[in-house]
Ligand code: 7TS
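Numbering (this note's numbering), first residue to last: 3 to 410.
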């Protein structure tokens, strides 16, 4: 029963780094919420781009520039199709989730006026807090925080009372990177829209764990990072509804985002280029397209449901350990576990696990307000992807027990 299925072993074999040894031990990579590993085809695509295609895009009359432009724009189409967006022009390439949120906070947030309200939640990553604080301070807006309960679930009753005609945007994470909580974003979007408020979904943690359809969700913005969905770092996506993106002013000025520049007046390019100033991460965009192709080529339904098995097994085993406190016990959870053991600092456990080849993350996970809420300095977090095995969970649990016996 507790064995990794063959189709997972087959998937796993496509990720070269998983064969690596760390400190003389087989790598157990349980830091997938920080970044995911890359399948061979993504790695090879980066190399083939630089070997035979490298050129700047959207400007060259020459062959290579045209090929690179075509491949970059094909990647945009792949992403549009993968997340169910209506139009290619609604897919803006950015540096990542952080960059996408800053774009919306600055450009959409810049349109808001004194006393308009922005709602975020108590479980947000710093990148979905600080950009809103910056624009709130600049434009005298009110930033409100939806509370959570001790299980790490949103307090939906309080949320209902917080939304009003004053609410202009709700910016909320789909899945918490620290707790694993899956938020009821469809309900939030419906409620927001009944008051005319817009909704930004931070999909940094959901894009790698399930199928997203922005049209079905009816969200106004959806953001994610390429590196969390088996693609490269330094590339990400902002999906926005066309009518909103049309209304919003450019975020940055420079090449590619203009139609015509003179010292008297500058006119801006059409979507999506209005928001893509300067030479972009071309190879990043193309290789993100390859990562999407990879996902389309595998049975994601099976892979994502297997992740739940990993979660359940890990939680079951962790609960058997003395003085174990799981942080994040929501009814709806994705495949990550955050925990503390007694008063032992998570960093100390993490360091001993590393010596045994196990990569986990320790600390506040860029969610300091959440640490304040639970009154803890940090947690130890193991986050799984579908290429992780049941046997790796066993290795992790045994290594954890060994580490605790040293530290206690
Ligand atoms: N939002 C959430 C929910 C995240 O988990 C992260 C990154 C971000 C935003 C920012 O993404 P970036 O790609 O722009 O940096 N989360 C993590 C993590 O949990 N460990 O390292 C990065």
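Idealized CB from N, CA, C, for every residue including glycine.
Rounded C-alpha distance that separates residue i from residue j
| i | j | result |
| --- | --- | --- |
| residue 406 | residue 348 | 11 Å |
| residue 6 | residue 98 | 32 Å |
| residue 14 | residue 390 | 7 Å |
| residue 111 | residue 134 | 8 Å |
| residue 299 | residue 240 | 24 Å |
| residue 170 | residue 397 | 48 Å |
| residue 292 | residue 175 | 26 Å |
| residue 180 | residue 321 | 18 Å |
| residue 226 | residue 232 | 12 Å |
| residue 108 | residue 182 | 28 Å |
| residue 105 | residue 253 | 6 Å |
| residue 287 | residue 58 | 13 Å |
| residue 22 | residue 395 | 17 Å |
| residue 341 | residue 326 | 7 Å |
| residue 197 | residue 145 | 17 Å |
| residue 242 | residue 271 | 16 Å |
| residue 264 | residue 61 | 19 Å |
| residue 116 | residue 157 | 27 Å |
| residue 360 | residue 199 | 44 Å |
| residue 86 | residue 73 | 20 Å |
| residue 35 | residue 303 | 19 Å |
| residue 385 | residue 47 | 27 Å |
| residue 330 | residue 49 | 40 Å |
| residue 258 | residue 78 | 16 Å |
| residue 256 | residue 273 | 15 Å |
| residue 367 | residue 178 | 10 Å |
Beta carbon of residue i nearer than 8 Å to that of residue j
| i | j | result |
| --- | --- | --- |
| residue 154 | residue 332 | yes |
| residue 237 | residue 290 | yes |
| residue 120 | residue 138 | yes |
| residue 230 | residue 37 | yes |
| residue 42 | residue 56 | no |
| residue 51 | residue 39 | no |
| residue 362 | residue 352 | yes |
| residue 209 | residue 312 | no |
| residue 95 | residue 282 | yes |
| residue 260 | residue 80 | no |
| residue 306 | residue 224 | no |
| residue 220 | residue 184 | no |
| residue 222 | residue 246 | yes |
| residue 379 | residue 124 | no |
| residue 194 | residue 216 | no |
| residue 346 | residue 409 | yes |
| residue 376 | residue 44 | no |
| residue 308 | residue 10 | yes |
| residue 338 | residue 383 | yes |
| residue 113 | residue 143 | no |
| residue 90 | residue 82 | yes |
| residue 148 | residue 160 | yes |
| residue 369 | residue 25 | no |
| residue 317 | residue 328 | yes |
| residue 27 | residue 358 | yes |
Buried or exposed by the 16-neighbour rule on C-beta atoms within 10 Å, applied to residue i
| i | result |
| --- | --- |
| residue 92 | buried |
| residue 335 | buried |
| residue 203 | buried |
| residue 400 | exposed |
| residue 277 | buried |
| residue 251 | exposed |
| residue 249 | exposed |
| residue 130 | buried |
| residue 285 | buried |
| residue 150 | buried |
| residue 64 | exposed |
| residue 187 | buried |
| residue 33 | buried |
| residue 101 | buried |
| residue 205 | buried |
| residue 228 | buried |
| residue 381 | buried |
| residue 19 | exposed |
| residue 207 | buried |
Short CB-CB distance (under 8 Å) between residue i and chain E
| i | result |
| --- | --- |
| residue 141 | Looking at the structure shown, chain E is missing, and only one protein chain is on hand. |
heavy atom of the ligand PLP below 7 Å from residue i C-beta
| i | result |
| --- | --- |
| residue 100 | The ligand PLP is not part of the structure shown, which contains the ligand 7TS as its ligands. |
Query raised in the report: Unbroken alpha helix (DSSP H) runs of length 4 or more, entirely within the stretch 70-120: which are they?
Result: Counting whole runs of 4 or more residues, the stretch 70-120 contains the alpha helix (DSSP H) stretches 99-109.
Query - Complete runs of the beta strand (DSSP E) confined to the stretch 135-219 [at least 3 residues] - result: Here the runs fully enclosed are 144-148, 169-175 and 200-204.
Report task. Would you list, in sequence order, the uninterrupted alpha helix (DSSP H) runs of no fewer than 4 residues that lie entirely inside the stretch 293-379? Result -> Entirely contained in the stretch 293-379, the alpha helix (DSSP H) runs reaching 4 residues are, in chain order, 302-321, 348-357 and 370-376.
Query raised in the report: What residue ranges within the stretch 264-291 form continuous beta strand (DSSP E) runs of no fewer than 3 residues, ordered along the chain?
Result: Runs found: 268-270.
Report task. Entirely within the stretch 221-250 and at least 3 residues each: give me those beta strand (DSSP E) ranges in chain order. Result -> For the stretch 221-250, whole beta strand (DSSP E) runs of length 3 or above, ordered along the chain, are 223-227 and 238-242.
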